[in-house]
Amino acid sequence: MLREELDELLGGDEAMLLEPREVFDPCVIGVASRINLRVAAYDTIKVIQALQDHHGMDEEEACEWFDFNVAGAWMGEGSPVFIDVLDA
């Protein structure tokens, strides 16, 4: 259900999604809007946890991998955003 909903919200935009989607789709918390563009928004902590679970990394390795290879990777306008979710 999430995939269809996310694809619909992102429309024809060139939004990029983290792969493999079955690992990272549960980390999506919504869609963020920029001028004339909508991109996927991920929960930073959930992505780091997914890296630990899927790739067998410890927390330090997952944080370093995330900082350099995920959040630090600019792949164009459709690059996703990563949100540090605050406890409400």
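If you count by my numbering, then the sequence shown holds residues 1 to 88, one letter each, in order.
Beta carbons are placed, not taken as given, at the ideal position from N, Cα and C, and that holds for glycine.
D53 lies in the alpha helix (DSSP H); which residues open and close that run? 44-55
Any idea which residues DSSP pairs V28 with across the strands? Y42
On the DSSP bridge list, what partners appear for I83? Note: I83 sits in a beta bridge opposite D43.
Separation of L51 from A62, as counted between CA atoms: 6 Å
Is V85 buried or exposed, if buried means 16 or more other CB atoms sit within 10 Å of its CB? Looking at its Cβ environment, which holds fewer than 16 other Cβ atoms inside 10 Å, V85 is exposed.
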